[in-house]
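Written out below as structure tokens is the structure these notes cover.
Number of protein chains: 2
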Amino acid sequence: MDSSAALVVGSLAFDDLDMPTGEFRDVLGGAATYSSIAASFLSPVHLVGVIGKDFGEEHLDMLRARGVDTQGVERQVNGKTFRWHGRYSKDLSSRESIDTQLNVFADFRPKIPASYKQSSVALLGNIHPKLQLEVLSQVERGPRTMVIADTMNFWISGEPKTLAEMLPKIDLFVINDEEARQLSGKANMSAVAREIRKMGPKRLIIKRGEHGAMLFDDDGCFYVPGYPLEEVLDPTGAGDTFAGGLAGYLAARSDRSTNAVRRGMFYASALASFCVEGIGPKRLLEVTKDDLKARLDAFTRMVDYGGALH
Amino acid sequence: MDSSAALVVGSLAFDDLDMPTGEFRDVLGGAATYSSIAASFLSPVHLVGVIGKDFGEEHLDMLRARGVDTQGVERQVNGKTFRWHGRYSKDLSSRESIDTQLNVFADFRPKIPASYKQSSVALLGNIHPKLQLEVLSQVERGPRTMVIADTMNFWISGEPKTLAEMLPKIDLFVINDEEARQLSGKANMSAVAREIRKMGPKRLIIKRGEHGAMLFDDDGCFYVPGYPLEEVLDPTGAGDTFAGGLAGYLAARSDRSTNAVRRGMFYASALASFCVEGIGPKRLLEVTKDDLKARLDAFTRMVDYGGALH
């Protein structure tokens, strides 16, 4: 019997962020952190990652208080937590890595605790595709198990064969538009999606930042908009928040139809829109269920045209 | 009694297009050309513009065959038609003007024929805001008259006062995101829209190219996606096609609610998606009513999530 929890595997980190609005140091970060927080709004979370001696217990307490099971978080007491230093452009449209210290993350070998193995959704964050395959070999897939995976430019160019082995095992592949163009070698989204779907994932979501996200599957194409914000402070983790929100939405439900994924994308996009309103996960951590419901209502009004077109 | 026609005022031109796929010369162009063709799918069109001796009668015949009234097209037999030479980047995301010859368009003073004055929609293409005001002074506005206007960076920086005088007289202001940012001095779309709506237009549509378009009015925000295409050949005229499609949709109807505008945006976006599939207006001119209906159906499926979210 599977559990209605989202398994989240990926990085836990500290980020140093040079933003147009200031410099922020030791900000809680990492893809799995953002994804876990997002998923925790909608389902229990099973978190797998690695931290060093410098990762304060207060961060794990915060996650546990949100319904995140942290027994899968391994602490390497002789090492330091993954650390990233990034600098954003003035309009936040691009960023450069000033420094990346993998630290304990360099030797990360995800071990899935027995109580996690039947999670109804498994979200494989942006880690080496070899490790994503290792996680998959440990997961016990049932009829409603859904495996969601992300990747990045580094693995697309550096590990094409392992990626090609991983993709056919994936139910839902979630990447951004730049990575999707790189992976497919195509420019226009319809051609991009067709080429990537040929590589094996059942469904594909292409994230497009402020422009929203597109789903491609056997039922066609679906578009969820980005939420028009007054102020964007920090895009860090928005894509991971999107993936985590989607994972949490689907983990709590047994419906695996395109409409279930489509509805989940509204939750994912709403949570991502909160994420960018604060530095690091700050704003996301303040969001209440009422805040989320209000933003979901605003999203549905954004696509409501009052019935039939013709 | 007003007529269910769309009045379209703007440029008729010949374009020389340097595209990644080849060089195309003497391509029928101009904002009013694209807008008229688009509107003609949905309503009669009243066209006002100026042409030179070199504008072949076959182009006017083509327009007339589509239900475009051309009595408002003035021919200056001693001059040449507006001509633009543009070069697009390899991915079509940007373009530069190689040469612009205003020719007869330099002295264009739009004269609205008596039979055009009660058109239910007036689309003021991207011309000097002083001329847009002159057109407005000639139009007889009734209860369902809707004035739609476009502008461009050139007038935003060069004619801010005239633009400020024009905007409060506009029911629906349609510009692209770059121009909207320039005009508002803001970066994020919510702030951009708030600032521009303060300038007076009742409603605002921000066109975002392949990412679709957003409507901002008293009923909130609405998003129509761009259509994911296999191949984009030429973005020239897509924005004018969008505006023309919207004008034609609204001209044929008396509903002036936000839902009418929202539904019109699907027609506008569908027509714009055809426009970019061919060089110049070629593809748009081949589109049948069945093609349009099929693409509209595809658009509505793209935003259908099967009912309530919660």
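As you go down the protein sequences, you meet chains G and E in turn.
Residue numbers for the first sequence, in my numbering: 470 to 779.
Residue numbers for the second sequence, in my numbering: 470 to 779.
Every residue, glycine too, gets a C-beta built ideally from N, C-alpha and C.
Which residues mark the beginning and the end of the beta strand (DSSP E) in which residue i is found?
i       : result
F574(G) : Element bounds for F574(G): n/a, residue is neither H nor E.
A591(G) : 588-593
D686(E) : 682-686
F510(E) : Per DSSP, F510(E) belongs to no beta strand (DSSP E) and is neither H nor E.
If you run the structure through DSSP and keep just helix, strand and coil, what is residue i?
i       : result
G764(G) : Per the sequence presented here, residue 764(G) reads as Arg, with Gly not at that position. Here R764(G) sits in helix by DSSP.
R725(G) : coil
M470(E) : With a pLDDT of only 45 at M470(E), under 50, the local geometry of the prediction cannot be trusted, and no value is derived from it.
R535(E) : coil
R732(G) : helix
R677(E) : coil
G541(E) : strand
R564(E) : strand
A716(G) : helix
V661(G) : helix
L698(E) : coil
D759(G) : helix
V608(G) : coil
A656(G) : coil
L602(E) : helix
I581(G) : coil
I596(G) : coil
K559(E) : coil
D433(G) : Any property of residue 433(G) remains undetermined from this structure, which presents chain G solely from 470 to 779.
N547(E) : coil
I625(G) : helix
D703(E) : coil
G708(G) : helix
Select from the options the residue whose C-alpha is nearest the C-alpha of residue i.
i       : options                            : result
D703(E) : D523(E), R533(E), G555(E), R650(E) : G555(E)
D687(G) : S472(G), H680(G), G669(G)          : G669(G)
R650(E) : A716(E), K676(E), L765(E)          : K676(E)
T502(E) : G611(E), K630(E), F711(E), F685(E) : F711(E)
C690(G) : V477(G), H779(G), A660(G)          : A660(G)
L684(E) : F551(E), L641(E), Q570(E)          : L641(E)
G713(E) : R666(E), G733(E), I581(E), G749(E) : G733(E)
A720(G) : S588(G), D560(G), K549(G)          : S588(G)
S512(G) : S738(G), H779(G), L715(G), G747(G) : L715(G)
L740(G) : G708(G), I596(G), D538(G)          : G708(G)
R697(E) : P612(E), A777(E), L765(E), T490(E) : Looking at the sequence shown, residue 697(E) is not Arg but Pro. Minimum Cα distance to P697(E) is reached at L765(E).
S473(E) : M615(E), Q540(E), S563(E), Y692(E) : M615(E)
R494(E) : P579(E), A656(E), R552(E)          : R552(E)
R564(G) : T705(G), A763(G), L778(G), L632(G) : T705(G)
L605(G) : P582(G), S626(G), I625(G)          : P582(G)
I665(G) : A737(G), E648(G), T539(G)          : E648(G)
D576(E) : H597(E), L593(E), S558(E), L561(E) : H597(E)
In the DSSP assignment, what are the bridge partners of residue i?
i       : result
W553(E) : D484(E), T569(E)
L641(G) : I617(G), R672(G)
A475(E) : V514(E), V590(E)
Going along chain A, which residues have a C-beta under 8 angstroms from residue i?
i       : result
A662(G) : Absent from the structure: chain A. Protein chains present are G and E.
Check for me: the alpha helix (DSSP H) holding residue i runs from which residue to which?
i       : result
F524(E) : No alpha helix (DSSP H) holds F524(E); DSSP gives it neither H nor E.
G491(E) : Segment 491-498 is the beta strand (DSSP E) holding G491(E); no alpha helix (DSSP H) there.
Y692(G) : Looking at the DSSP string, Y692(G) is not in any alpha helix (DSSP H); the run it does join, the beta strand (DSSP E), is 689-693.
D646(E) : 646-653
A777(E) : Premise fails: A777(E) is in no alpha helix (DSSP H) and is neither H nor E.
K630(G) : 629-635
Leaving out five residues before and five after residue i in sequence, what residues of the same chain have Cβ atoms less than 7 angstroms from its Cβ?
i       : result
E420(E) : Outside the displayed range of chain E (470 to 779) lies residue 420(E), so it cannot be described from this structure.
R770(G) : none
R722(E) : A729
Could you name the residues of the same chain whose beta carbon sits closer than 8 angstroms to that of residue i, not counting the 5 residues immediately before and after it, in chain order?
i       : result
I567(G) : D485, D487, H554, G555, R556
K549(G) : G521, K522, D523, Q570, N572, V573
G542(G) : The sequence as given places Val at residue 542(G); Gly does not occur at that position. Excluding residues within five positions, the ones whose Cβ falls inside 8 angstroms are L481, L516, V517, G518, V519, I520, L529.
Ignore the nearest five residues each way along the sequence and tell me which others in residue i's own chain have a CB closer than 6 angstroms to its CB.
i       : result
F743(G) : R752, L753, V756
G476(E) : The sequence shown places Leu at residue 476(E), not Gly. If we look at L476(E) and ignore the five residues flanking it on each side, its Cβ neighbours are H515, Y585, S588, A591.
V496(E) : D484, L486, G749
R535(E) : S509
V772(G) : none
M470(G) : Reliability of the predicted coordinates at M470(G) is poor, the pLDDT of 45 falling under 50, and no value is obtained from them.
Y736(E) : G714, Y718
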